[in-house]
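One structure is given below, encoded as structure tokens.
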Amino acid sequence: MQMKVSLALQLMLPLTLLVMAAPSSATFPISELELLTYDKMLLTGTAQYGKAWIACIKTSEGKQVTVKKGDTLGTQLGHIQKIDAKGIYLTETVQLNVSEWFERKLFWPVVSDKTLRAECKWIAAPEKSWSYPSHFQD
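Using numbering that gives the first Met the number 0, the first residue of the sequence shown is number 0, and each one after it goes up by one.
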């Protein structure tokens, strides 16, 4: 019986790998954003296209990344719940001790510096190319 279960698992593994979705990112893998703390990133802008919102993040290295709802950010793996004109709403699961975890909700506002906001080029976004939205400029 154990041999049959083991064989079944071996056969399922390649199928599981085929079904898994690739990470969505704009200019470099999202996993790099997961290595940075929030103080090493700036939220330089957000924009709405139809019902979808996207956000532009500038890293301390000067890279610009476009993210969307569902992506993860930061060392605590903050899950993007919502993006709007004011900023990004995140949920993090933080470990208190060996057996206790809690969910922390965060709000990350767009920077107020108009110069930084203008730097966001909206060079790429999930599933299609975006042009820089004229209505986003102040």
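For every residue, glycine included, the Cβ atom is placed at its ideal position computed from N, Cα and C.
Ala-51 and Ile-87 do not touch by the CB rule: their CB atoms are close to 14 angstroms apart, not below 8 angstroms. Secondary structure at Lys-50: coil, using DSSP grouped into helix, strand and coil.
Per the DSSP secondary-structure output, Gln-94 pairs in a beta bridge with Trp-100.
Tyr-48 has its alpha-carbon roughly 28 angstroms from the corresponding atom of Asp-38. Inside the stretch 39-85, DSSP marks whole beta strand (DSSP E) runs of 3 or more residues at positions 40-48, 51-58, 63-67, 77-82, from first to last along the chain. Around the beta carbon of Trp-107, 16 or more other beta carbons lie within 10 angstroms, which makes this residue buried.
For Leu-76 and Ala-84, the gap between their C-alpha atoms comes out near 22 angstroms. Per the DSSP secondary-structure output, Leu-105 pairs in a beta bridge with Leu-89.
The alpha-carbon of Gln-63 is positioned some 17 angstroms away from that of Ile-79. At least 7 angstroms separates the beta-carbon of Thr-45 from that of Val-97. Shortest Cα-Cα distance from Glu-33 to any of Leu-72, Phe-101, Glu-102 involves Leu-72. Cβ contact annotation for Glu-91 (same chain, cutoff 6 angstroms, sequence separation greater than five): Gln-75, Gly-77, Arg-103, in chain order. In the three-state scheme derived from DSSP, where H, G and I count as helix and E and B as strand, Glu-31 is classed as helix.
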